[in-house]
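Asker: Got a structure for you, questions after.
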Amino acid sequence: MLMGENDGAGSAPVIIPPSWEEAAEFIAREGDTAPPPIAVICGPKNSGKSTFSRYLLNTLLSRYKKVGYLDTDVGQPEFFLPGCLSVHIIDERISDLRSWSLKSPDRCCFFGDVSSKRDPQAYLGHVRGLYDYFLGEHYKFYEKQALPLIINTPGWVKGTGYDLLVEMLKYISPTHVVQVRISAERKNLPKGAFWLDGEHYGSLHLIDIYSARTDFFNQSVLTRKDAGTLRDRRLFEYFKLCFPSDLDIKTNKDLAYALASLCPYEVPFSRLKVKHLHCQVPNSEVFHSLNATIVGLAINSGKPPSSFSQQCVGLGIVRGIDIKNDRIYVITPVPIHNLQKVDLLLQGLIEIPTGFLQVRRCLSPYMATNVLHKLPEKDE
Amino acid sequence: MMEDMVMIGLRNEFMAGYKLVPWSTWGQWNFVRESIFSSNPESVAAALRKVAAWRSRGCLPVAIDVTAVILEIQCQDPFFREGLLDSALSSEELLAMLYCMAIVRLVNVFVEPLHKKTRRSISELAEAIGLPRALIDIRHESSHRDLPSLQLVRLASVKALDWLKSNYWEPQRKAIPDVRKEIRCRLREMIHYLKAKYTQRMKAKRAKRSHQLRACGKLSSQVTGKILSSKAIDFNKRISKISISVCRVYSAYPLDVVSVLMEFFQLHVSDFSDITDKEITEETDVCHEPLINSMSLLKTIITKLSHNRPRLLLSMLKIVLEMIKDIHEKGQDHFLSPLSEAKVCQIKHLCSFVPWLLMNLKTLKDSGRIGLTEELKPSAGRDAVQKVSLKKLLRLCLSLSAVGDKHLSESVLLLSDLSGNTNLTERLKKLPLPCLQDQDAAEYSCSNIESVILQEELAIKKATEKLQYLKLQSRISNVKSMGTEDQDNDVAKNSWILAKSWIPCPIGMLPCSFSSTSVIPVLDKADDDCQGTIIPENNHDKFGKDHTPRENHKINIQSPDTENAIKKLRLTTEERLYSIDVINPMEGRLLIDGVWKKVDEAEFFAIQSNIRTFVQ
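Line order of the protein sequences matches chains A and B. Position in the first sequence (first residue = 1) + 1391 = my numbering. Position in the second sequence (first residue = 1) + 114 = my numbering.
Set out below in structure tokens:
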């Protein structure tokens, strides 16, 4: 399930400064004497959090067979899809630190938007739920089965983003916090254990590292990415998994055609519940809202639908709805045996890439011409 | 001018200009436009509900968003909605705040991007886009000073709506591409050239003839001949060019092309004088004529188009059959009053069209341009020749042959022939298809009374045999349906399964099982509680596994006049063998003494024995 895809970091070689190496080594060594480390990587966006976390992952893998990875960045997730928070158990080194690769998660939650600001409470609920899951399943150190955990955080470190980070750190109480700092001081997080009220440091290790790439004047060079394109790219790679790998799908058009032709899964709609994560949709309009959108396929299993952290097995495209026959048609790479428990569709605001809908002979009705998006200017 | 724009839009259809929108048809957009500004609170509420659904899809144009927000606030304001005092907000402060927020958003959404780009002041930019000054002031005051009064912002909300109307809703309404108009225009063009070509050929023929007669002026006739032939090539070129462009439009809007073609067909049908394929007269003036004056012309067009897009034939078939079904079903709703003359005529015409379409389909199949199979297997790959399932088409044709048109029965046989299943063809031939009966009727009309009686006896015997057969079949099916199927059904009904068959169709649409015309599904819930209203699935999907019927066979025997009920016994039952999708209101009923009565199996057998006594 490994797919290489350059994520736009450019062709610049990955530089791992000695300070990064030291930091990673330090964290990895820690587990020799104490329980495996739980390391949170934080810092402003584009500072190199991802690169460091990948490097740390590789370093840890030289000591541990498996390493846990909790991804809380819903905008630019490390191994899974936008809008999702996920726990991965990784047993394979990442060969190219620059590239993004899709890995199926050990457990996943669908938050449904690319920024936590849409629903901070739900977001925190997901983080807590997944962290608890990891502790319960993979951190039983009395049974000598404990795995180290790397936690990747979003680069939103001001305002609500900061508040959320503080909440997260308080709940997790990690063994190591790695702050990636950049030269523009005011964009950085406060120094020290900013989430604690001064006292109990305990076994906490604080590590500051500096952004790897700097220019002539020692100013950090941030790697800017086009977030929207990147997200579409990930969805592209994900839905490509619906097809055998020998099927030649290179362009959006190839995929769009393949998706339109693919025999979808069908399920009685009456069996499913639908939850709109960030919008109120009148009951009478549910189908209008769902048709041709991306949804999270979740397992409700008796929980009240209002609770957080329904396990999500993956994303799907609602490709058609047949009300008369009580059928909903879904395209998803999730294997059919994993689908059987799915009884909840989560609709968020993860927009379907237009590239999926636009192909000769199979143009989706949701693509229209002559759409007015600019207002006429009377003057000028 | 407008039309030019549309043309350009369509010609560059896959270059650019396509945007993701939350509505699946412009009709839906129009519905919202009309109802959102309506004075009827219920219409407004319906429009707001639709906008809420659009909002959840994520690609809602801001103008719609803001319009909906303002209207939603107005719905809470007793000033605008006197009747709805219960749900109204009583706090003026809250209302004022809501209005202010909406206006702030409106101004920011439309002015801020320009402001960032040009660095000109907000008020300057607002003036440039015609945004009322009052709105700008309210934005400023509510952000930096005291909250403006409710009276002020309420008035401003009306102004804001007016501005949105004239700057978004109206211009967008005018900009909606009219695909059908465009298609009509191109088809008209095509007809024009086809006619011109025909006229020219006639002229050329006549020139040749006169040339032969006179056998002189060799040089001049050679010249004219050359000119004519060069022109002819030109016409052909144009025709094929237009047909390619229509095909391209067909790829994007199959439904529209097909229904415009049907429009032409209807136009032709409504003209009674033109029933036979009349040849085009030479001196006709194209511009002042009806769109099409010959069936053959329409057929030429369809043949040309289907050469490039073989599935067009299936789309046409689908629409024709659906129309027949529609008219027929409407007639059945009040079955005692017969269909009107015009309707009968229309059905007749539609029916006669079916075999022709099928013959064409056969030609295409034989030339390998389209694959036809009895059963469609889902496949993930892309096939060069798309395969089409004939099963459902056949089933629909069969069910419609109850209409009693021989063309349709002919089509059924044609279809089974196409599917290549000889077994099926044999079985179908056993069926009392109306075409066979018509022959019977024709025979005894011209013979004496004795032979009539003989004929009748024969017919009754045949009917008895068929009834016997039916009885047997229904028993078998009863036994079978009690078996394993229910369990199968339960499991299948409640789990995720791979769809049983699939035809490539755009995301957001559903495939039609026997043509390439995908349909936009109806997404309106009939009732708030959908589970309650869902029509139980008929198990036609199961049909493909074997050909034995599994439903209870209720017998449907129709008779046009009760006195001779037995003589003209017409069985339309065997079609149930193929578990037809059509729900027949006459099912299980017999016309006895002018009244349709429900007949159970026992009564049915009683009737059967009566028939026997009659024969003896």
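Glycine included, every Cβ here is placed at the ideal spot set by N, Cα and C. In this text the structure is predicted, and so the values were computed from the model without any measurement.
(1) Pick from B:159, B:230, B:213 and B:529: whose alpha carbon is nearest that of residue 180 (chain B)?
(2) Please state whether DSSP places residue 1713 (chain A) in a helix, a strand or coil.
(3) Measure the C-alpha to C-alpha separation of residue 618 (chain B) and residue 207 (chain B) and round it to an integer number of angstroms.
(4) Please tell me whether residue 1667 (chain A) has its Cβ less than 8 angstroms away from any Cβ of chain B.
(5) Select from A:1420, A:1725, A:1762 and A:1436 the residue whose C-alpha is nearest the C-alpha of residue 1578 (chain A).
(6) Compare the Cα-Cα distances from residue 1775 (chain A) to each of A:1486, A:1536, A:1407 and A:1480 and report the closest residue.
(7) Can you name, in chain order, every residue of its own chain whose Cβ lies under 6 angstroms from the Cβ of residue 427 (chain B), other than the five neighbours on each side?
(8) Run the CB neighbour count on residue 296 (chain B), radius 10 Å, all protein chains shown included, and call it buried at 16 or more, exposed below.
(9) May I have the straight-line CA-CA distance separating residue 192 (chain B) from residue 272 (chain B), to the nearest angstrom?
(10) Suppose you measure from the CA of residue 1665 (chain A) to the CA of residue 1734 (chain A); what does that come to, to the nearest Å?
(11) Just to confirm my understanding: we take residue 1729 (chain A), look at its own chain, exclude 5 residues before and 5 after, and list those with CB closer than 8 angstroms. What are they?
(12) To which residues does DSSP link residue 1599 (chain A) through a beta bridge?
(13) What residues from chain B crowd round residue 1671 (chain A), counting only those whose CB sits closer than 7 angstroms?
(14) Contact criterion: CB-CB distance below 8 angstroms. Does residue 216 (chain B) meet it with respect to chain A?
(15) Are the C-beta atoms of residue 70 (chain B) and some chain A residue less than 8 angstroms apart?
(16) Name the residue from A:1692, A:1662, A:1684 and A:1742 whose alpha carbon lies nearest to the alpha carbon of residue 610 (chain B).
(17) On the DSSP bridge assignment, give the partners of residue 1718 (chain A) in chain order.
(18) Please confirm whether residue 620 (chain B) and residue 1754 (chain A) have their CB atoms less than 8 angstroms apart.
(19) Tell me whether residue 1759 (chain A) sits in a helix, a strand or coil according to DSSP, three-state version.
(20) Which same chain residues, not among the five before or five after residue 140 (chain B), have their C-beta less than 6 angstroms away from its C-beta?
(21) Cβ atoms of residue 1668 (chain A) and residue 1503 (chain A): under 8 angstroms apart, would you say?
(22) Could you list which residues in chain A have their beta carbon closer than 7 angstroms to that of residue 190 (chain B), in chain order?
(23) Check whether the Cβ of residue 1740 (chain A) lies closer than 8 angstroms to any Cβ atom in chain B.
(24) Rounded to whole angstroms, what's the CA-CA distance from residue 429 (chain B) to residue 412 (chain B)? Just pull it up for me.
(25) Determine the closest residue to residue 366 (chain B) out of B:414, B:257 and B:293, with distance taken between C-alpha atoms.
(26) Measuring only the C-alpha atoms, how far is residue 1438 (chain A) from residue 1571 (chain A)?
(27) Determine, using beta carbons only, whether residue 1767 (chain A) comes closer than 8 angstroms to chain B.
(28) Is there contact between the region 299-315 of chain B and the region 261-277 of chain B, where contact requires at least three CB pairs shorter than 8 angstroms?
(29) Given a threshold of 16 other Cβ atoms within 10 Å of its Cβ, counted over all protein chains shown, does residue 1583 (chain A) qualify as buried or as exposed?
(30) So which residues of chain B does residue 1513 (chain A) contact, with C-beta pairs closer than 8 angstroms?
(31) Give the DSSP bridge partners of residue 1460 (chain A), in chain order.
(32) So with CB distances below 9 angstroms, who are the chain B contacts of residue 1731 (chain A)?
(33) Could you name the residues of chain B that residue 1761 (chain A) contacts, counting a contact when the two beta carbons are closer than 7 angstroms?
(34) Under 7 angstroms Cβ-Cβ, which residues of chain B neighbour residue 1713 (chain A)?
(35) Between the region 271-287 of chain B and chain A, which residues of the former have a C-beta closer than 9 angstroms to a C-beta of the latter?
(36) To which residues of the same chain is residue 438 (chain B) closer than 7 angstroms at the C-beta, ignoring the five residues directly before and after it?
Answerer: Looking at the coordinates:
(1) In the second sequence, residue 180 (chain B) corresponds to position 66, counting from 1. Among B:159, B:230, B:213 and B:529, the Cα nearest to that of residue 180 (chain B) is on B:213.
(2) By 1-based counting over the first sequence, the position of residue 1713 (chain A) is 322. Note: residue 1713 (chain A) maps to strand in three-state DSSP.
(3) Here residue 618 (chain B) is taken as the residue at index 504 of the second sequence, counted from 1. Here residue 207 (chain B) is taken as the residue at index 93 of the second sequence, counted from 1. If I take the Cα positions, the gap works out to 55 angstroms.
(4) Position 276 of the first sequence, counted from the start, is the residue given in the question as residue 1667 (chain A). Residue 1667 (chain A) counts as touching chain B.
(5) Locating residue 1578 (chain A) in the first sequence gives position 187, counting from the first residue. With distances taken between Cα atoms, residue 1578 (chain A) lies closest to A:1436.
(6) Here chain A comprises residues numbered 1392 to 1771, so residue 1775 (chain A) is not present and cannot be evaluated.
(7) Here the question's residue 427 (chain B) lines up with position 313 in the second sequence. Answer for residue 427 (chain B): 420, 471, 474 and 475, listed in chain order.
(8) Along the second sequence, read from residue 1 onward, the residue named residue 296 (chain B) stands at position 182. Answer is buried; the Cβ neighbour count reaches 16.
(9) Taking the first residue of the second sequence as 1, we reach residue 192 (chain B) at position 78. Taking the first residue of the second sequence as 1, we reach residue 272 (chain B) at position 158. Straight-line Cα distance between these residues: approximately 15 angstroms.
(10) Locating residue 1665 (chain A) in the first sequence gives position 274, where the first residue counts as 1. Locating residue 1734 (chain A) in the first sequence gives position 343, where the first residue counts as 1. C-alpha separation (whole angstroms): 9 angstroms.
(11) By 1-based counting over the first sequence, the position of residue 1729 (chain A) is 338. Taken in chain order, the residues that qualify are 1704 and 1705.
(12) What you label residue 1599 (chain A) is simply residue 208 of the first sequence in a count that begins at 1. BP columns for residue 1599 (chain A) point to A:1570.
(13) For the purposes of this step, residue 1671 (chain A) is identified with residue 280 of the first sequence, where counting begins at 1. Ordered by position in chain B, the residues that pass the 7 angstroms Cβ test against residue 1671 (chain A) are 166.
(14) In the second sequence, the residue the question calls residue 216 (chain B) occupies position 102. Residue 216 (chain B) does not count as touching chain A.
(15) No answer is possible for residue 70 (chain B): it lies beyond the span of chain B, which begins at 115 and ends at 730.
(16) Locating residue 610 (chain B) in the second sequence gives position 496, counting from the first residue. That would be A:1662, whose Cα lies nearest to the Cα of residue 610 (chain B).
(17) Numbered from its first residue, the first sequence carries residue 1718 (chain A) at position 327. Answer is A:1659 and A:1713, bridged to residue 1718 (chain A).
(18) Mapped onto the second sequence, residue 620 (chain B) falls at position 506. Mapped onto the first sequence, residue 1754 (chain A) falls at position 363. Their beta carbons are under 8 angstroms apart, which means residue 620 (chain B) touches residue 1754 (chain A) by this criterion.
(19) Your numbering for residue 1759 (chain A) matches position 368 in the first sequence. Strand at residue 1759 (chain A).
(20) The residue you call residue 140 (chain B) lines up with position 26 of the second sequence. Contacts found: 290.
(21) Against the first sequence, residue 1503 (chain A) aligns to sequence position 112. Against the first sequence, residue 1668 (chain A) aligns to sequence position 277. Taking 8 angstroms as the Cβ cut-off, residue 1503 (chain A) and residue 1668 (chain A) qualify as a contacting pair.
(22) What you label residue 190 (chain B) is simply residue 76 of the second sequence in a count that begins at 1. Neighbours of residue 190 (chain B) on chain A: none; closest Cβ ~15 angstroms, over 7 angstroms.
(23) Stepping through the first sequence from its first residue, residue 1740 (chain A) is reached at position 349. Closer than 8 angstroms: yes.
(24) Within the second sequence, residue 429 (chain B) is the residue found at index 315, counting from 1. Within the second sequence, residue 412 (chain B) is the residue found at index 298, counting from 1. Rounded to the nearest angstrom, the two C-alpha atoms are 15 angstroms apart.
(25) Within the second sequence, residue 366 (chain B) is the residue found at index 252, counting from 1. Closest by alpha carbon: B:293.
(26) Within the first sequence, numbered from 1, the residue matching residue 1438 (chain A) stands at position 47. Within the first sequence, numbered from 1, the residue matching residue 1571 (chain A) stands at position 180. Straight-line Cα distance between these residues: approximately 7 angstroms.
(27) Here the question's residue 1767 (chain A) lines up with position 376 in the first sequence. Note that residue 1767 (chain A) scores 48 on pLDDT, short of 50, meaning its location in the model is unreliable; the coordinates nonetheless yield the value given after this. Chain B, which has a Cβ nearer than 8 angstroms to the Cβ of residue 1767 (chain A), makes this yes.
(28) no
(29) Counted from its first residue, the first sequence places residue 1583 (chain A) at position 192. Flag for residue 1583 (chain A) reads exposed.
(30) Position 122 of the first sequence, counted from the first residue, corresponds to residue 1513 (chain A). The premise fails here: residue 1513 (chain A) is roughly 16 angstroms from chain B at the closest Cβ pair, so nothing lies under 8 angstroms.
(31) Counted from its first residue, the first sequence places residue 1460 (chain A) at position 69. The partner list for residue 1460 (chain A) (beta bridge, DSSP) reads A:1479 and A:1541.
(32) Translated into positions along the first sequence, residue 1731 (chain A) becomes position 340. Residues of chain B passing the Cβ test: 609 and 610.
(33) Taking the first sequence and counting its residues from 1, the one referred to as residue 1761 (chain A) is at position 370. What residue 1761 (chain A) touches in chain B: 123, 289, 290 and 291.
(34) Position 322 of the first sequence, counting from 1, holds the residue named residue 1713 (chain A). The answer, in chain order, is 624 and 635.
(35) 281, 282, 285 and 286
(36) Your numbering for residue 438 (chain B) matches position 324 in the second sequence. Once the five neighbours on either side are set aside, the close Cβ partners of residue 438 (chain B) are 461, 464, 465, 514 and 517.
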